[in-house]
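Input: a single structure, listed below in structure tokens.
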Amino acid sequence: MGKGFLADKGLLGEDLGDVVKRACRNCGLDVELKAILNDSSACLLSRAYSYTSTRFSLILGTGLNMAAFLPVAGIGRPKFGVRPDGWFDEATHVIVNTELGMFGQGILPVTRWDRALNREHPRPDYQPLEFLVSGMYLGEIVRIALVEAVGATGLLGGVVPPSLLMPYSLGTETLALIESDDTSDLAQAIHLFSQRHPSSHAPTTADLAAIKALASFVSVRSSALVATCVFTLWNCRLEAERAYISTLPESSPERHRAEADMALETTTVAFNGSVIENYPGYLANCQRYVDDLVASKSLAEPRSICLVPAKESSLMGAAVALAMKDVEEPIFDDCAVAFVPSDQLVPKLISEFTRFVEQNGASVCEPRRDGSLPLDKITHIISNTIDFPQYVESQAAMIPVVTTQWIKVSLAKQKQAALLPFSPDPRMIFSQVVVTCAGLPVMDKESIIGATMALGGQESKDVTRTTTHVCALSVDDPKVAFALSKKLKCKVILPHWFDDCFKLGKRIDEGPYLLPDPEILRKGADDEVDIPVSANLIDATSANPQWVPLPPDSDGVRPPSTVFSHRRVLLSHDLSLSARFTKIIKDIIVHGGGKVVDDVEDCHMFICQYRDGPQYIKAARACKEVGSLAWLFYLIVSNQWRNPLHRLLHYPIPRDGIPGFKDMRITISNYGGEARVYLENLITASGAVFTKTMNTENTHLITARNTSHKCAAAPEWGIAVVNHLWLEESYAKCEKKQINLSKYNHFPPRTNLGEIIGQTFLDESRLRELYYPGGDEALSPRAKRKRKMLEAAEDNAYPNGPAEGLPVATAERDFDVMRDEAGGSGRRRSKTKPAARVPTAATETPLRPRQNNQATTDTPSVLSTGSRSAKAKAKDRLQGIAPDIALYEKEKKRPAKAGAPWGGKRAADRTERQQDEFKSAAKALQRGDDEARPVKKSRPSLPDVDMRIVVTAFDRWVGDSHKEDQDRRKLRDLGVQIVQEGQPCDYLVAPKVVRTVKFLCALSRGVTLLSTNFINAVLQTGEVPSPEDYRLKDKAAEALYHMKISRSEARAKANRGKLLRGVPIYCTEKVRNGPDSYRAIAEANGAIFKIYRARGSTTIKPTTAEEDGEGPPDPVYLLSNASPEERQLWPRFQAMAENGNMEARIVVPDWLLDVAMAQEVRFDDKFLVDTFHEGEGK
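What follows is the structure, given as structure tokens:
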């Protein structure tokens, strides 16, 4: 072939698909071949997937090729070969592989060195253009010219290095390294050239300068020729589209689509290949020549061609082609999915998966305006955790909840994968385990496979790339040998691991069971085992913690806990909190958008210490979220919702313990760290007595291993030896479990059971039976629906066994799934647009632990001088009045004028006089001067604040501060308080949609948008109408910004300020309007925001694709202008991103405003700076 290969031998006339399938069968591989495509087609598809403006691809490495997306009508039919009947009636456009390297015979300008290369080539004139531009030949052209120059000009001392006499001995890589040397003496280039081409003459700086210049001439010519080809194909496509449009009727939708395609401002050309990616200056030269050619066309409308990299295009393009193959049968047809944002599934990933499922036939259901999921429309819920508020409700309705891995596997298989193996429920201990057995007896194999599949695993008949575990007794089995020879990422494991997992009902670490040298066979049970750390005990070791910890990455400042947004919380009196500590907790809840209430009827969350009392019984019966102080603190720290039943000490403890535990004395062994603290507290909560040491009075020993001095002595003293599962399950079931069950006495020899601690859930049905039975007649209709839903979830679950509590069957719903609205509950599909899901101003919280006293007074637990206490109180007071101080100082600066309305400096001066009089009176009071004591006037009490609103772009008060003060007081008298930006609020009031910092930051907190007519109505009537009647409507803005107000509200409530979580956004110092405003918007949506100065402090950690999991690079954004000064920063930013395996996107700030307004992580080429400012400066 063109580069000297003979790969066509025996293939001419053969169907390549049959050849590939035949070769796979010969190797014992069962392969279903769906599509075959070459490098240029794959490159185009890979980039068109994310850049919808992609119409071409360019491959420029060892060889040269381009692909183009062209109308079918513009290509001769013989070129298509054999096509199915009716194909030409349906196909409008096709990807054309141009084999561009073969063009140019007789028309390209060539030199004598080009002709010399062509003469000596094994296939002269075969690829004329490729001979001039590709990496295979650039070095050879320079070599031929260099050898001539040595003899003609005395270059290199007139001595040709022996190695240069061999054809193709001077590689293009060497030229690239020489051209990259920017030092004045070219020392690096000299060293490199001397090493690769040694000679009796030592090359000088002048020699290498000449070679560098020669290499530059050849590479620049190459970039100019390639740019000409790109421009010519672009022009050819426009002509073909114009001809195609002329054949279509005026009213044809296809004509309108083609005309819109013709009007494309920016056409993207995806590129891949070592030369264009790595050769110094090549890409910049090529882009410059393309820009000049487009500008020379003098078009009436602005047009541009943008070269964009397509990394790993062969793999990505093949994946896209495979996904498109069966487009007539979408994988997710008739699926209506909803995504649940969490720490494991951030909005950025949701946007990507939304695109995947919608392109394959699914519809994505947006959250309701309150952020909840519309379960009556959903067929599948995509979540990587079961800790979201509507999980139990989805169980009751038998809506499957699966992880994002289900989408990936379905796409890979080109059909919907089974649901059970992809459940996020941790009780499915073998979820995402794909096992095959090798050399086991039939009965053992069937037992392992059956139990594994029942607990979320899958069976693989043979060893494949998807196999995760090979269960075998030795490495001699053929399956094991195959897995090892192919270096597959599966674990070869003894069947003992499955047996131990089945006995415990928990998944333990596979490490000690791995072949070829399993630890359980190599070491004894008495050998030491490391004590593990359990992630399940984070903020769950005590039911009654003493202080509110800070988030681990908070830098001493607590971000808003948006998990409380629109939630009402009731703190029980049995918590015995001090007044100061209660205020701290209330402030955190309010700052997160929640509210603290005093009545069980009004609350969503009820926090108490014990499972008794009227408040607890009423809240539990009404299916409120009942949790302990530890659960509340977990919500504050993690800012992530969790079911309080999923951690034993996140639920209130029984005041009298668990029946049967009162007379027990329990000690523990082989547990460490938080696991030990957790067990001590759980023993005490159960009603037993914990002892640090063991003696004959102890009744039970709880141990993680049965090897310790305590374990040896316990049987002699008649002490029962059990693992922690006995205690946890007794506590969860509210009854003492029998200790003779095998799971409680099982101790795998090389495992410390501390690794599976904290995985047991409380049983809500047992809690209801013991602590709050009956009461159905007093429940509200909503509470009755919740109760019915919980009972349905229990009916749909396994009654016992390792998978207890998991849904087992699919059934039709016979009840309204938590809908308060009128109307039917029939399932409907919602063909909506892709969904996106989603920290703001921070509040500092005192870190001092609270006092563990029963009194509610604020008494320090240590001796104090009084100064620190006074300062703390003053600081709390100052935080509360800070907004008023700011407004006061603003009013003071306004000058006083004759006839001016009351306020400003006049009001400030009078206030200061009154304060002076008050101070004088206070001094007289200290002297004992009773006559001078001022008479204290009583102040009327204000009603509670029912609505906190932020107002923006409201012109009612412009230039009239007196009227503003009066209106604010009227609103406050009616329970409506106007708060400042960054403070907790429930509503945002504006006359229309505006892209102000205040508007976008408030929207990110999940507020409800109201029209300013609401304020006018309140002031006119003296009453507060229903906010629902004054929802903000702005059709013009929705069309302009491509968003819907209701959808943005719903997404914001679901995102809870985490829309851009984990998304790095850099900003230049001189960006339009300055970086501070964009920082506020980005951080309000959870982004990582940094100022970019092209210095070391703003770099991304260098990361390879392999270290990044071989996935496609994540985008990193730079907000910038198009000024020459800003442009100088771009190359370093792009290099920084590339070194960190990230995709650099240099965008205008409008991109951030667009994302914040739509509350969806989305991107369009129009926000790229070059595209946005197209035509400027030309």
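So in UniProt numbering, spot 689 of the sequence shown is number 689, and the numbers just go up one at a time.
Where a beta carbon is used, it is the ideal one built from N, C-alpha and C, also for glycine.
Ignore the nearest five residues each way along the sequence and tell me which others in residue 1000's own chain have a CB closer than 6 Å to its CB.
For the purposes of this step, residue 1000 is taken as the residue at position 1000 of the sequence shown. Here the set comprises 1081 and 1156.
Pair within 9 Å by beta-carbon distance, residue 1086 and residue 1053
Here residue 1086 refers to the residue found at position 1086 when the sequence shown is read from its first residue. Here residue 1053 refers to the residue found at position 1053 when the sequence shown is read from its first residue. No, Cβ-Cβ distance for residue 1086 and residue 1053 is not below 9 Å.
Let me check understanding here. Comparing Cα to Cα, which of 1035, 729, 663 and 694 lies closest to residue 712?
Within the sequence shown, numbered from 1, the residue matching residue 712 stands at position 712. The shortest Cα separation from residue 712 among 1035, 729, 663 and 694 belongs to 694.
Would residue 1199 and residue 168 be called neighbours here (beta carbons separated by less than 9 Å)?
Here the chain covers residues 1 to 1178 and nothing more, so residue 1199 does not appear.
On the CB-based measure, 16 or more other CB atoms within 10 Å of its CB, does residue 636 come out buried or exposed?
On the sequence shown, position 636 is the one that residue 636 refers to. Buried.
Our contact map puts residue 339 next to residue 350 with C-beta atoms below 8 Å; I'd like the distance itself, whole angstroms only.
Counting from one through the sequence shown, the residue named residue 339 turns up at place 339. Counting from one through the sequence shown, the residue named residue 350 turns up at place 350. About 5 Å separates the two Cβ atoms, so the contact holds.
Residue 630 vs residue 649 beta-carbon contact at 9 Å:
Here residue 630 refers to the residue found at position 630 when the sequence shown is read from its first residue. Here residue 649 refers to the residue found at position 649 when the sequence shown is read from its first residue. Yes, they are a contact pair.
Do you know how far the Cα of residue 324 is from the Cα of residue 43?
Locating residue 43 in the sequence shown gives position 43, counting from the first residue. Locating residue 324 in the sequence shown gives position 324, counting from the first residue. Roughly 15 Å separates the two Cα atoms.
Alpha carbon to alpha carbon, how far is residue 497 from residue 858? Give it in angstroms, no decimals.
Within the sequence shown, the letter at position 858 stands for residue 858. Within the sequence shown, the letter at position 497 stands for residue 497. With a pLDDT of 36 at residue 858, under the threshold of 50, the modelled position of that residue is not reliable, and no figure is offered here.
Quick check on DSSP: helix, strand or coil for residue 133?
If you number the sequence shown from 1, residue 133 lands on position 133. Three-state result, residue 133: helix.
Please report the straight-line C-alpha distance between residue 525 and residue 749, rounded to a whole angstrom.
One-based indexing of the sequence shown puts residue 525 at position 525. One-based indexing of the sequence shown puts residue 749 at position 749. Distance between the alpha carbons of residue 525 and residue 749 is about 5 Å.
Inspect the beta-carbon positions of residue 998 and residue 1034 and report whether they are closer than 9 Å.
Here residue 998 refers to the residue found at position 998 when the sequence shown is read from its first residue. Here residue 1034 refers to the residue found at position 1034 when the sequence shown is read from its first residue. No, the Cβ-Cβ distance between residue 998 and residue 1034 is not below 9 Å.
Using a 10 Å radius around the Cβ and a threshold of 16 neighbouring Cβ atoms, would you call residue 1128 buried or exposed?
Residue 1128 sits at position 1128 when you count from the first residue of the sequence shown. So residue 1128 counts as exposed.
So, is residue 741 buried or exposed, given that buried needs 16 or more other C-beta atoms within 10 angstroms?
Here residue 741 corresponds to residue number 741 of the sequence shown, with the count starting at 1. Exposed, by the Cβ-count rule.
Counting along the chain, where does the beta strand (DSSP E) carrying residue 1182 start and finish?
Since the displayed the chain opens at 1 and closes at 1178, residue 1182 lies outside it and no answer follows.
Quick check on residue 834: buried or exposed, where buried means 16 or more other Cβ atoms within 10 Å of its Cβ?
Reading the sequence shown from its first residue, position 834 is the one you call residue 834. Any reading at residue 834 must be qualified, since the residue scores a pLDDT of 38, below 50, and its modelled position is unreliable; the value itself is stated next. By the neighbour-count rule (16 or more Cβ atoms within 10 Å), residue 834 is buried.
Report the start-end ranges of each alpha helix (DSSP H) in the segment 563-600 that is 4 residues or longer and not cut off at the edges.
579-591
Would a C-beta distance cut-off of 9 Å place residue 277 and residue 139 closer than the cut-off?
Numbered from 1 along the sequence shown, position 277 holds the residue referred to as residue 277. Numbered from 1 along the sequence shown, position 139 holds the residue referred to as residue 139. Not closer than 9 Å, so no.
Alpha carbons only, please: which of 514, 437, 625 and 388 is nearest the one belonging to residue 477?
Translated into positions along the sequence shown, residue 477 becomes position 477. When each option's Cα is compared against that of residue 477, the closest is 437.
Measuring CB to CB, does residue 758 end up less than 9 Å from residue 678?
Position 758 of the sequence shown, counted from the first residue, corresponds to residue 758. Position 678 of the sequence shown, counted from the first residue, corresponds to residue 678. Their beta carbons are under 9 Å apart, which means residue 758 touches residue 678 by this criterion.
For residue 947, the three-state DSSP class (helix, strand or coil):
On the sequence shown, position 947 is the one that residue 947 refers to. Note: residue 947 maps to strand in three-state DSSP.
Would you kindly work out how many angstroms separate the C-alpha atoms of residue 969 and residue 264, rounded to a whole number?
In the sequence shown, residue 969 corresponds to position 969, counting from 1. In the sequence shown, residue 264 corresponds to position 264, counting from 1. For residue 969 and residue 264, the distance between alpha carbons rounds to 54 Å.
Terminal residues of the beta strand (DSSP E) in which residue 443 lies
Residue numbering aside, residue 443 sits at position 443 when the sequence shown is read from its first letter. From DSSP, residue 443 is part of no beta strand (DSSP E) but of the alpha helix (DSSP H) over 442-454.
Cβ contact (3+ pairs, closer than 8 Å) linking the segment 558-567 and the segment 659-673
no
Residue closest to residue 1137, alpha-carbon to alpha-carbon, out of 519, 31, 1112 and 486
Indexing the sequence shown from 1 puts residue 1137 at position 1137. The option with the nearest alpha carbon to residue 1137 is 1112.
Length at least 3, wholly inside the segment 205-289: the beta strand (DSSP E) runs in chain order
266-272
One question on the structure: do residue 723 and residue 702 come within less than 9 Å of each other, judged by their Cβ atoms?
The count along the sequence shown starts at 1 and reaches residue 723 at position 723. The count along the sequence shown starts at 1 and reaches residue 702 at position 702. Yes, they are a contact pair.
Cβ-heavy atom distance between residue 597 and the ligand COA below 8 Å?
Only the bare structure without any ligand can be found here, which leaves the ligand COA out of the picture.
What residue from 464, 1147 and 995 has the CA that sits closest to residue 1162's CA?
Translated into the one-based positions of the sequence shown, residue 1162 becomes position 1162. It is 1147.
Could you work out which residue in 434, 471 and 584 is closest to residue 453 when comparing CA atoms only?
For the purposes of this step, residue 453 is taken as the residue at position 453 of the sequence shown. Of 434, 471 and 584, the residue nearest in Cα terms is 434.
Give every residue of the same chain whose Cβ lies closer than 6 Å to the Cβ of residue 512, excluding the five residues on either side of it in the sequence, and list them in chain order.
Here residue 512 refers to the residue found at position 512 when the sequence shown is read from its first residue. For residue 512, where only same-chain residues beyond five positions count, the Cβ hits under 6 Å are 519, 520 and 750.
When you compare the CB positions of residue 224 and residue 287, do they come within less than 9 Å of one another, or not?
One-based indexing of the sequence shown puts residue 224 at position 224. One-based indexing of the sequence shown puts residue 287 at position 287. Going by C-beta atoms, residue 224 is not nearer than 9 Å to residue 287.
Please report the straight-line C-alpha distance between residue 669 and residue 714, rounded to a whole angstrom.
Numbered from its first residue, the sequence shown carries residue 669 at position 669. Numbered from its first residue, the sequence shown carries residue 714 at position 714. Answer to the nearest angstrom: the Cα atoms are 11 Å apart.
Closest to residue 58 by CA distance: which of 74, 50, 39 and 75 is it?
Position 58 of the sequence shown, counted from the start, is the residue given in the question as residue 58. Per the Cα distances, 39.
Is the beta carbon of residue 394 less than 9 Å from the beta carbon of residue 420?
As a working mapping, residue 394 is identified with position 394 in the sequence shown. As a working mapping, residue 420 is identified with position 420 in the sequence shown. No, Cβ-Cβ distance for residue 394 and residue 420 is not below 9 Å.
Measure how close the beta-carbons of residue 1158 and residue 1048 come, nearest whole angstrom, since I'm counting them as under 8 Å.
As a first step, residue 1158 is located in the sequence shown; it is residue number 1158 there, counting from the start. As a first step, residue 1048 is located in the sequence shown; it is residue number 1048 there, counting from the start. Between residue 1048 and residue 1158 the Cβ distance is about 6 Å, and since that is below 8 Å, they are a contact.
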